[in-house]
Amino acid sequence: MVRELQWKPNATVAAVVERDGEFLLVEEHTEAGVRLNQPAGHWEHGESILDAVRRETLEETGYHFEPTALLGVYVSPRPDSEVVYLRFAFVGQITGHDSQRALDAGIIAARWLSRDAALADPARLRSPMVSRCIEDYLSGQRYPLDLIRAVPAG
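Just so we're aligned, residue 1 is where the sequence shown starts under the UniProt record's numbering, counting upward by one.
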């Protein structure tokens with residue numbers, strides 16, 4: 001019997017950070033033009049999911065991020081392909097900033113924006129997950145990090 005290829009969603013992480021009423025977002029070049037997103041990216045083989053969100057936040061913003069809660073798990077199909085993103089969004093705190101750090105390719109800048117400024121033009125957002133994460137954050141949604149269990153192989 002021949003097994004068909006197994007479908008696998010793209011597992012990503014995102015950091016939702018609020019400071020003094022403003023959210024940390026990245027302004028980035030995309031195939032669709034310049035867009036806003038939370039610091040986010042792919043979870044890489046061999047790293048923990050918490051290390052992934054720490055790494056992505058640092059690479060895209062220069063800020064050191066420490067997750068304190070799981071905001072939610074979001075499933076979002078890309079409208080122009082068969083790609084589906086499975087986003088693990090985390091709430092946390094900034095613990096430092098490396099202002100001299102070069103940001104990832106494609107990142108224009110890290111921006112601190114109010115909810116209203118960030119969501120003023122939905123077409124400027126990388127995906128609907130950006131606004132959903134901000135709204136879920138503002139509603140007080142939080143889940144403990146120990147909800148995530150790493151189970152060793154074997």
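Heads up, the beta-carbon is just placed ideally off N, CA and C, and yes, glycines get one too.
Quick one: what's got a C-beta closer than 6 Å to residue i's C-beta in the same chain, skipping five residues either side?
i	result
residue 53	13, 15, 67, 90
residue 119	131
Which residue or residues does DSSP assign as beta-bridge partners of residue i?
i	result
residue 28	35, 107
residue 85	10, 76
residue 45	For residue 45, which the question treats as bridged, DSSP gives no partner whatsoever.
residue 19	22
residue 69	91
Quick one, are the C-beta atoms of residue i and residue j less than 7 Å apart?
i	j	result
residue 74	residue 55	no
residue 43	residue 69	no
residue 136	residue 72	yes
residue 64	residue 96	yes
residue 60	residue 107	yes
residue 84	residue 9	yes
residue 57	residue 39	yes
Identify, in the order they occur along the chain, each residue of the same chain with its Cβ nearer than 7 Å to the Cβ of residue i, setting aside the five sequence neighbours on each side.
i	result
residue 35	28, 124, 125, 126
residue 30	126
residue 49	13, 43, 88, 148
Report the CB separation of residue i from residue j in whole angstroms; it is logged as a contact under 8 Å.
i	j	result
residue 62	residue 104	In fact, because the Cβ distance is near 10 Å, the residues do not count as touching under 8 Å.
Answer yes if the region 20-27 comes into contact with the region 104-122, meaning at least three C-beta pairs across the two stretches below 8 Å, and no otherwise. yes
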